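**Q** Here it is: the structure, laid out below.
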Amino acid sequence: MRLILKTSLFAIPRLTQSSFLYTPTVTLPLHSRRPAKTLRTTTPSFHNSACAPMSTHQVRDTIDLTTIEKNIFNRLLATLTHFQLQTQLRVAGGWVRDKLLGKDCYDIDIALDNMMGTEFVDKVREYLLSIGEDAQGVCVIESNPDQSKHLETARMRLFDMWIDFVNLRSEEYAENSRIPSKQTFGTAEEDAYRRDLTINSLFYNINTDVVEDFTKRGISDLKSGKIVTPLPPKATFLDDPLRVLRAIRFGARFDFTLDEDLKEAAACDDVKNALAAKISRERIGTEIDLMISGNRPVKAMTYICELTLFWTVFTLPAEYKPIISDGCERLCISYMDNASNLIHLLGDSTFTAEQRRLTLYAALFLPLRKTTYSEKKAKKIPVVNRIIRESLKRKAKDAETVLDLHRSSYKFLSLIPYLASGEDIQAADLDWMRDLIDVPTSSRARVITGFLLRDLKDFWRVALLMSIILHPIDITDSEDEHSQLEKRRDLFIAVENSITKLGLEKVWDVKPLINGKDIMSVLQLKGGPIVKEWLDKTMAWQLAYPSGSAEECIEWLREANSKRVKLE
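In terms of the UniProt record's numbering, the sequence shown opens at residue 1 and continues consecutively.
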């Protein structure tokens, strides 16, 4: 296979101004019985990482097709021969990029130069039937600009792989929309130049077995690890501002360097305003979610911060309290960086992919956990809830989980000194559990931690990680960041082991010894909030006496109620 490289990589002039370099050392407010200490947080520096000298990336000279890919392409070529079609079949975009980088890719998009995708799929289906093979899953996906589908796409399943077919096109955009106002059949070169990035503009021509680089720099940018737009970046971003976030996502995913002109365009007010005005919040949220779930989420968020896009993406209400200080976005990324590093140090298997994703969201928004705004009814609502549900249009469950993690992390924070040391918990230290710690002092750690874990369920380790990030640690001037991180890892493991030793693994699956009906019967109650109160108290007794029976619990209930009546 040949690589068509018609010109060499041309030089892009580098900007001379510094790129918003700022690395804070902050003292975080810590809520613990121990004195607050200085927590050193180093924000990933865009200047150091994104502007580093370009490195050479391993790019293959040829595309090695798998057996399945060969079978798919042979069927498509046979269709051309059978119907004597002059159509050029090209695999577009990400598949070509990934194959050249030696990565597996199962997303095959085929661009046609002289016919619509639906027309060609009908031909393929007819050919397959003529040779006794079945055409599977044939369907048409209507154009849907909100989901980045500007053209009708035909889809079919060949050899258990989904293949999309679209025609090559040339596009023009309206001023205030990312929806093309005019679409026509285009040449392969026109199609390449209308794409978001040069590394995504490559084609693999199935007819000729050739990789085609019509922008004349896709291969070289892939080798040098650069994120560049085929056309001038500002015009490219104003046509479709979502491309800004895609550039950031691919830059982070492949650890590539953003082009200097691209960064300048992405950070300008015109592009930021266009991103806010032309792109739906669902699409922005999808891109952010892909970044957070990706392999370098901190790098992606650092790019967003350094390009001054943070508050364009994570929009705030018009009024909120308390005032968010300058540089807060840096602190957000610092927390996220600490969480990501700690997850890696603990071992990625400690958390599921979903737990990891929500951990990073929770860490990112930790500095905003106390910021609220009011709606018409004057009810105070956490700003984090609004960011997740409105700015990013993520699921309500995501917002609820992140808020629960913020609240629970502070409860865990107050428990860490006891769980790590094995000391008995003093009632005066935990104002959020005073009504439920009428149990022996030696059992308080099990009772209080048990209630917390029953609320958090499988996410208790995530809340623990949040609290470990917030917890002060003793540091010396000679200790580097990795040493500090290891101390936090050791603290996490110590608390985790303590919880296991207390027998609280899966404590949320423990069924109550007695239920509400039992309580109403024993205490002759008709219902109401007092039943819930007694349910909590009986669960506290059950946690304090894990070997106790239902009969013993009922006996305790009668005695406790008798004491209460006498006191009243």
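All residues carry an ideal CB built from backbone N, CA and C; glycine is no exception.
In this text the structure is predicted, and so the values were computed from the model without any measurement.
From this set, 76, 129, 197, 255, which residue's C-alpha is nearest residue 56's C-alpha?
**A** Translated into the one-based positions of the sequence shown, residue 56 becomes position 56. Closest by alpha carbon: 255.
**Q** Helix, strand or coil for residue 182? Go by DSSP, reduced to three states.
**A** Looking up residue 182 in the sequence shown gives position 182. With a pLDDT of 49 at residue 182, under the threshold of 50, the predicted position of this residue should be treated as unreliable, though the coordinate-derived value follows. Of the three classes helix, strand and coil, the one that applies to residue 182 here is strand, per DSSP.
**Q** Report yes if the CB atom of residue 203 is closer than 7 Å to the CB atom of residue 300, and no otherwise.
**A** Stepping through the sequence shown from its first residue, residue 203 is reached at position 203. Stepping through the sequence shown from its first residue, residue 300 is reached at position 300. No.
**Q** So what's residue 217 in DSSP terms, helix, strand or just coil?
**A** If you number the sequence shown from 1, residue 217 lands on position 217. In this structure, residue 217 counts as coil in the three-state DSSP scheme.
**Q** May I ask which residues mark the beginning and end of the beta strand (DSSP E) holding residue 373?
**A** For the purposes of this step, residue 373 is taken as the residue at position 373 of the sequence shown. First-last of the beta strand (DSSP E) with residue 373: 372 to 374.
**Q** Exposed or buried, residue 482, counting other C-beta atoms within 10 Å across all chains shown (16 or more means buried)?
**A** Taking the sequence shown and counting its residues from 1, the one referred to as residue 482 is at position 482. Counting Cβ neighbours within 10 Å, residue 482 comes out exposed, since fewer than 16 surround it.
**Q** Does the Cβ of residue 83 have 16 or more other Cβ atoms within 10 Å, making it buried, or fewer, making it exposed?
**A** Locating residue 83 in the sequence shown gives position 83, where the first residue counts as 1. Looking at its Cβ environment, which holds fewer than 16 other Cβ atoms inside 10 Å, residue 83 is exposed.
**Q** Under the rule that 16 or more other beta-carbon atoms within 10 Å means buried, what is residue 583, buried or exposed?
**A** The structure shown does not extend to residue 583, since the chain spans only 1 to 568, so no value can be given for it.
**Q** Might you give, ordered along the chain, the residues of its own chain that have their beta carbon closer than 7 Å to the beta carbon of residue 618, omitting 5 neighbours on each side?
**A** Absent from the structure is residue 618, since the part of the chain shown begins at 1 and ends at 568.
**Q** With a threshold of 8 Å, are at least 3 pairs of Cβ atoms found where one atom belongs to the stretch 502 to 514 and the other to the stretch 526 to 533?
**A** They do not touch, by the three-pair rule.
**Q** Under 7 Å, do residue 292 and residue 360 count as touching if we go by C-beta distance?
**A** For the purposes of this step, residue 292 is taken as the residue at position 292 of the sequence shown. For the purposes of this step, residue 360 is taken as the residue at position 360 of the sequence shown. Yes, Cβ-Cβ distance for residue 292 and residue 360 is below 7 Å.
**Q** Excluding the 5 residues preceding and the 5 following residue 502 in the sequence, name in chain order all residues of the same chain whose CB lies nearer than 7 Å to its CB.
**A** Within the sequence shown, residue 502 is the residue found at index 502, counting from 1. Excluding sequence neighbours, residue 502 sits near 445, 446, 449.
**Q** Using only alpha-carbon positions, find the residue among 398, 419, 453 that is nearest to residue 408.
**A** Against the sequence shown, residue 408 aligns to sequence position 408. That would be 453, whose Cα lies nearest to the Cα of residue 408.
**Q** Using only CA atoms, which one of 282, 237, 373, 229 lies nearest to residue 257?
**A** Counted from its first residue, the sequence shown places residue 257 at position 257. Residue 229 is the option with its Cα nearest to residue 257.
**Q** Give the DSSP bridge partners of residue 378, in chain order.
**A** Position 378 of the sequence shown, counted from the start, is the residue given in the question as residue 378. DSSP lists no partner for residue 378.
**Q** How long is the line joining the alpha carbons of residue 188 and residue 231, rounded to whole angstroms?
**A** Along the sequence shown, read from residue 1 onward, the residue named residue 188 stands at position 188. Along the sequence shown, read from residue 1 onward, the residue named residue 231 stands at position 231. If I take the Cα positions, the gap works out to 15 Å.
**Q** Nearest-angstrom Cα distance between residue 236 and residue 157?
**A** By 1-based counting over the sequence shown, the position of residue 236 is 236. By 1-based counting over the sequence shown, the position of residue 157 is 157. Cα to Cα, the separation comes out at about 33 Å.
**Q** With contact counted as at least three CB pairs below 8 Å, one residue from each stretch, are the stretch 309 to 318 and the stretch 418 to 426 in contact?
**A** Judged by Cβ distances under 8 Å, the stretch 309 to 318 makes no contact with the stretch 418 to 426, as fewer than three pairs qualify.
**Q** Can you list, in chain order, the residues of its chain with a C-beta nearer than 8 Å to that of residue 491? Leave out the 5 residues immediately preceding and following it.
**A** Taking the sequence shown and counting its residues from 1, the one referred to as residue 491 is at position 491. So the qualifying residues of the chain are 416, 420, 468, 471, 473.
**Q** Tell me which residues share the same chain as residue 566 and place their Cβ nearer than 6 Å to its Cβ, disregarding the 5 neighbours each side in the sequence.
**A** Here residue 566 is taken as the residue at index 566 of the sequence shown, counted from 1. Closer than 6 Å at Cβ, skipping near neighbours: no residue.
**Q** Do residue 363 and residue 320 have their CB atoms nearer than 7 Å?
**A** Here residue 363 is taken as the residue at index 363 of the sequence shown, counted from 1. Here residue 320 is taken as the residue at index 320 of the sequence shown, counted from 1. Their beta carbons are not under 7 Å apart, which means residue 363 does not touch residue 320 by this criterion.
**Q** Between residue 193 and the rest of its own chain, which residues show a CB-CB distance below 8 Å, the 5 nearest in sequence each way excluded?
**A** In the sequence shown, residue 193 corresponds to position 193, counting from 1. So the qualifying residues of the chain are 201, 214, 215, 230, 231.
**Q** With a threshold of 6 Å on Cβ separation, who are the neighbours of residue 371 within its own chain once the five nearest residues in sequence on each side are excluded?
**A** Residue 371 sits at position 371 when you count from the first residue of the sequence shown. Closer than 6 Å at the Cβ level, and outside the excluded window around residue 371, lie 320, 383.
**Q** By a C-beta neighbour count over all protein chains shown, 10 Å radius and 16 as the cutoff for buried, is residue 79 buried or exposed?
**A** Counting from one through the sequence shown, the residue named residue 79 turns up at place 79. Counting Cβ neighbours within 10 Å, residue 79 comes out buried, since at least 16 surround it.
**Q** Please specify which runs of the alpha helix (DSSP H), each continuous and at least 4 residues long, are wholly inside the stretch 244 to 287, giving them in chain order.
**A** Taking only runs of at least 4 residues, the alpha helix (DSSP H) segments lying wholly in the stretch 244 to 287 are 260 to 266, 269 to 278.
**Q** So, are the CB atoms of residue 165 and residue 72 less than 7 Å apart?
**A** Here residue 165 is taken as the residue at index 165 of the sequence shown, counted from 1. Here residue 72 is taken as the residue at index 72 of the sequence shown, counted from 1. Not a contact, by the Cβ cut-off of 7 Å.
**Q** Apply the 10 Å Cβ neighbour rule to residue 497 and answer buried if 16 or more other Cβ atoms are within range, or exposed otherwise.
**A** In the sequence shown, the residue the question calls residue 497 occupies position 497. Classification of residue 497: exposed, given that the 10 Å Cβ count is below 16.
**Q** Would you identify the three-state DSSP class for residue 114, choosing helix, strand or coil?
**A** Position 114 of the sequence shown holds residue 114. Residue 114: coil per DSSP, three-state reduction.
**Q** Can you check which of these residues, 153, 89, 199, 195, is closest to residue 98 by C-alpha distance?
**A** The residue labelled residue 98 in the question sits at position 98 within the sequence shown. The shortest Cα separation from residue 98 among 153, 89, 199, 195 belongs to 199.
**Q** Straight-line CA distance for residue 560 to residue 354?
**A** Indexing the sequence shown from 1 puts residue 560 at position 560. Indexing the sequence shown from 1 puts residue 354 at position 354. When rounded, the distance between both Cα atoms is 43 Å.
**Q** Could you pull out every residue in the same chain whose Cβ sits closer than 8 Å to the Cβ of residue 65, ignoring the five residues on either side in sequence?
**A** Along the sequence shown, read from residue 1 onward, the residue named residue 65 stands at position 65. Excluding sequence neighbours, residue 65 sits near 73.
**Q** Measuring alpha carbon to alpha carbon, tell me which residue in 516, 133, 114, 512 is nearest residue 587.
**A** Residue 587 lies beyond the residue range present for the chain, which begins at 1 and ends at 568; the question has no answer from this structure.
**Q** Within the continuous alpha helix (DSSP H) that includes residue 462, where are the two ends?
**A** Against the sequence shown, residue 462 aligns to sequence position 462. Taken as a continuous stretch (DSSP letters only), the alpha helix (DSSP H) holding residue 462 covers 460 to 470.
**Q** To the nearest whole angstrom, what separates the beta carbons of residue 129 and residue 112, a pair I think is in contact under 8 Å?
**A** Residue 129 sits at position 129 when you count from the first residue of the sequence shown. Residue 112 sits at position 112 when you count from the first residue of the sequence shown. So it is not a contact: roughly 21 Å between Cβ atoms.
**Q** Could you check the C-alpha separation between residue 443 and residue 522 for me, to the nearest Å?
**A** Counted from its first residue, the sequence shown places residue 443 at position 443. Counted from its first residue, the sequence shown places residue 522 at position 522. Looking at the two C-alpha atoms, the distance is approximately 25 Å.
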